[in-house]
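Peer 1: The sequence shown stops at residue 180 when you use the working numbering, and every number in between is there. For each residue, glycine too, the CB sits at the ideal point set by N, CA and C. Take this structure, written in structure tokens, and hold onto it; I'll ask about it next.
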Amino acid sequence: MSEGNDTHQNESFVALCRHFWNFVSFDFGLCNAPATADPELLTWQQISDEFYQYAFEIPEQWVQTGGVSPDSFTYVSEAPQPPSCVQSDNTMKMDFLVQPVGNGMPDIEGATPVTDAELPTWVKTHESNEGGDLPGASKSIYIQGSDYEYSLYLLCSPEWMIYCEVVINHILESFHTLP
Numbered sequence: 002m003s004e005g006n007d008t009h010q011n012e013s014f015v016a017l018c019r020h021f022w023n024f025v026s027f028d029f030g031l032c033n034a035p036a037t038a039d040p041e042l043l044t045w046q047q048i049s050d051e052f053y054q055y056a057f058e059i060p061e062q063w064v065q066t067g068g069v070s071p072d073s074f075t076y077v078s079e080a081p082q083p084p085s086c087v088q089s090d091n092t093m094k095m096d097f098l099v100q101p102v103g104n105g106m107p108d109i110e111g112a113t114p115v116t117d118a119e120l121p122t123w124v125k126t127h128e129s130n131e132g133g134d135l136p137g138a139s140k141s142i143y144i145q146g147s148d149y150e151y152s153l154y155l156l157c158s159p160e161w162m163i164y165c166e167v168v169i170n171h172i173l174e175s176f177h178t179l180p
């Protein structure tokens, strides 16, 4: 087995262990500090995967809450709180999905094409998240690569709209495909 495969397996194992620990320790964990909505204080981390050929940046403070595979995951701006803690209403959430080209294009009716993007990109704004898990506005972003299609769904609480626009613009500017 090659060293690259060992590293990938080790990283996958560590991610799975963290996910399991977070699951079993959630009810007795400490309360998390609330996230800041100041766009001036943002630092960035890169999310990438060579197999699915993508790379982009999200805020470094974000926490992965769902999915342990590189083709489908969820990040939130604030870690979920244990039940005994006060839940913040100031949140941003991002769901990400990769699928092969031709697996069915998302509904882009009413979406706006992003003309200065490296790849064909559409953004669709939804004014409210009725019936969803968080109140607020959301945006669906669809990016078409040569081999894969990338879908991002970003949900933002009303109090964080300026923060959300900064984050969404940075994600779009930093998104690129890998060879």
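Contact defined as beta carbons within less than 8 Å: I believe Tyr184 pairs with Ser175. What is the distance between those atoms, to the nearest angstrom?
Peer 2: In this structure the chain extends from 2 to 180, so residue 184 is not present and cannot be described.
Peer 1: Closer than 8 Å is the cut-off here; do at least three beta carbon pairs connect the segment 93-113 with the segment 73-80?
Peer 2: The segment 93-113 vs the segment 73-80: in contact.
Peer 1: State the CB to CB distance for the pair Tyr53 and Tyr149, rounded to an integer number of angstroms; the pair is presumed to be in contact (CB under 8 Å).
Peer 2: The pair is a contact, with the Cβ atoms about 6 Å apart (cut-off 8 Å).
Peer 1: Given a cut-off of 9 Å on the beta-carbon distance, is the pair Ser70 and Phe57 in contact?
Peer 2: Against a cut-off of 9 Å, the Cβ pair of Phe57 and Ser70 comes out as no contact.
Peer 1: Do you know whose CA, among Thr113, His171 and Asp117, lies nearest Thr126's CA?
Peer 2: Closest option to Thr126, Cα to Cα, is Thr113.
Peer 1: For Tyr164 and Gly67, what's the separation of their Cα atoms in angstroms?
Peer 2: Near 22 Å, if we compare the C-alpha coordinates of Gly67 and Tyr164.
Peer 1: Taking only three categories from DSSP, how would you classify Ile48?
Peer 2: Three-state DSSP puts Ile48 in a strand.
Peer 1: On the three-state DSSP scale, how would you describe Leu120?
Peer 2: Of the three classes helix, strand and coil, the one that applies to Leu120 here is coil, per DSSP.
Peer 1: Just how far apart, CA to CA, sit Trp161 and Thr44?
Peer 2: Whole-angstrom Cα-Cα distance: 17 Å.
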